[in-house]
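Beneath this line is the structure, given in structure tokens, with notes to follow.
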Amino acid sequence: MAIVQYSQLGALILAGGLGSRMGYQNKGLIKFGRYHLIDPVLNILKQHCAYVAISANQDIEQYSNKNVDVWADQTPWKGLGPLAGVNSSVPYFPENIQYIQVVPCDSPFINSNVIQKLFEKLKTSDALAVYAQTSSQIYPVIFQFKRAALIQLSEYLMASNKHSIRRWLSEIGAIAVNFEDDDIFINMNDMQTLNQYLPMREKLCH
4 MAIVQYSQLG
14 ALILAGGLGS
24 RMGYQNKGLI
34 KFGRYHLIDP
44 VLNILKQHCA
54 YVAISANQDI
64 EQYSNKNVDV
74 WADQTPWKGL
84 GPLAGVNSSV
94 PYFPENIQYI
104 QVVPCDSPFI
114 NSNVIQKLFE
124 KLKTSDALAV
134 YAQTSSQIYP
144 VIFQFKRAAL
154 IQLSEYLMAS
164 NKHSIRRWLS
174 EIGAIAVNFE
184 DDDIFINMND
194 MQTLNQYLPM
204 REKLCH
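Okay, so the sequence shown: first residue is 4 according to my numbering, each after it adds one.
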């Protein structure tokens, strides 16, 4: 699939977690080979998106050194999980960005096919959002949504005691997009997983 940059597509990398299973290190800035863990997905997004930003609440200066905007959680969304980062950051995106790709900072094997396939489905459907799934499981944290859905997101965060991405996507009628390979969605939740998949970095990061 040829690399295409979409003028209306922006991206937000979620890097605002505490990293408790990584010894409270900032996961995106942990070394993954020669690079930081956030770098592979950041580079992929820059190829396809007209605007890329990071949602982070710590080490903001270090993330800013990657030549992207960094947005911290805003009141009243602080403490409401990853969707707080989405709702705090996307209002600052350029006005021409009408579609937003959201990914976690610790999924280094996401490739061009994921971004392009999700975008093609989102732009040609009536759904407000799409997300990745395989035959074995769904990956709700890897999703794209239309900027118009921010209204529903704000209402959801304010009205609900639960703030899961999966539940919000379900409430707005998001559509699943099928992929064959679970490996591209591997999430580096702990150091054991990171060390296990480090030898596969060159094979899967393409």
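Beta carbons: idealized from backbone N, C-alpha and C, even for Gly.
The structure displayed is predicted, hence computed values, not measured ones.
Could you have a look at residue i and say whether DSSP puts it in helix, strand or coil?
| i | result |
| --- | --- |
| residue 171 | helix |
| residue 184 | coil |
| residue 128 | coil |
| residue 178 | strand |
| residue 42 | helix |
| residue 79 | coil |
| residue 49 | helix |
| residue 31 | helix |
| residue 147 | strand |
| residue 59 | coil |
| residue 26 | Because the pLDDT at residue 26 is just 49, under 50, the model does not fix this residue reliably, and the point stays unresolved. |
| residue 133 | strand |
| residue 16 | strand |
| residue 155 | helix |
Assuming the contact rule is C-beta atoms closer than 8 Å, residue i and residue j should be a hit. Round their C-beta distance to whole Å, please.
| i | j | result |
| --- | --- | --- |
| residue 103 | residue 176 | Rounded, the Cβ-Cβ distance is 17 Å, inconsistent with contact. |
| residue 80 | residue 56 | Contact doesn't hold; Cβ gap of about 15 Å is too wide. |
| residue 96 | residue 54 | 6 Å |
| residue 58 | residue 16 | 7 Å |
| residue 168 | residue 112 | Incorrect: roughly 19 Å between the Cβ atoms, too far for contact. |
| residue 147 | residue 11 | At roughly 11 Å, the Cβ-Cβ gap does not stay under 8 Å, so residue 147 and residue 11 are not in contact. |
Rounded to a whole number of angstroms, what is the C-alpha to C-alpha distance between residue i and residue j?
| i | j | result |
| --- | --- | --- |
| residue 118 | residue 162 | 31 Å |
| residue 234 | residue 52 | Limits of the chain in this structure are 4 at one end and 209 at the other, which puts residue 234 out of reach. |
| residue 192 | residue 127 | 33 Å |
| residue 173 | residue 114 | 25 Å |
| residue 9 | residue 139 | 30 Å |
| residue 29 | residue 83 | 18 Å |
| residue 180 | residue 187 | 14 Å |
| residue 93 | residue 129 | 21 Å |
| residue 99 | residue 154 | 17 Å |
| residue 62 | residue 141 | 30 Å |
| residue 171 | residue 137 | 20 Å |
| residue 90 | residue 195 | 32 Å |
| residue 45 | residue 164 | 32 Å |
| residue 64 | residue 110 | 22 Å |
| residue 158 | residue 144 | 19 Å |
| residue 85 | residue 37 | 27 Å |
| residue 156 | residue 105 | 14 Å |
| residue 121 | residue 87 | 22 Å |
| residue 78 | residue 166 | 15 Å |
| residue 72 | residue 43 | 17 Å |
Just checking: is the beta-carbon of residue i within a distance shorter than 8 Å of some beta-carbon in chain B?
| i | result |
| --- | --- |
| residue 60 | Structure shown: chain B not included; a single protein chain is present. |
Keeping to the same chain, check which residues put their C-beta closer than 6 Å to that of residue i; ignore five residues upstream and five downstream.
| i | result |
| --- | --- |
| residue 41 | 31, 108 |
| residue 49 | 55 |
| residue 197 | 191 |
Note down, in chain order, each residue of its chain lying with its Cβ closer than 8 Å to the Cβ of residue i, except the 5 sequence neighbours on either side.
| i | result |
| --- | --- |
| residue 34 | 40 |
| residue 160 | 80, 83, 86, 87, 90, 166 |
Measuring from the CB of residue i, is there a heavy atom of the ligand ZN at a distance below 7 Å?
| i | result |
| --- | --- |
| residue 118 | This structure lacks the ligand ZN, and indeed carries no ligand of any kind. |
Among the residues of its own chain, which have a CB less than 7 Å from the CB of residue i, if the five just before and after it don't count?
| i | result |
| --- | --- |
| residue 7 | 51, 119 |
| residue 178 | 124, 128, 130, 133 |
| residue 152 | 131, 132, 175 |
| residue 47 | 113, 114, 115, 118 |
Item to check | 4 or more residues per run - each alpha helix (DSSP H) lying fully within the stretch 78–108 | outcome: List check, alpha helix (DSSP H) in window: 85–92.
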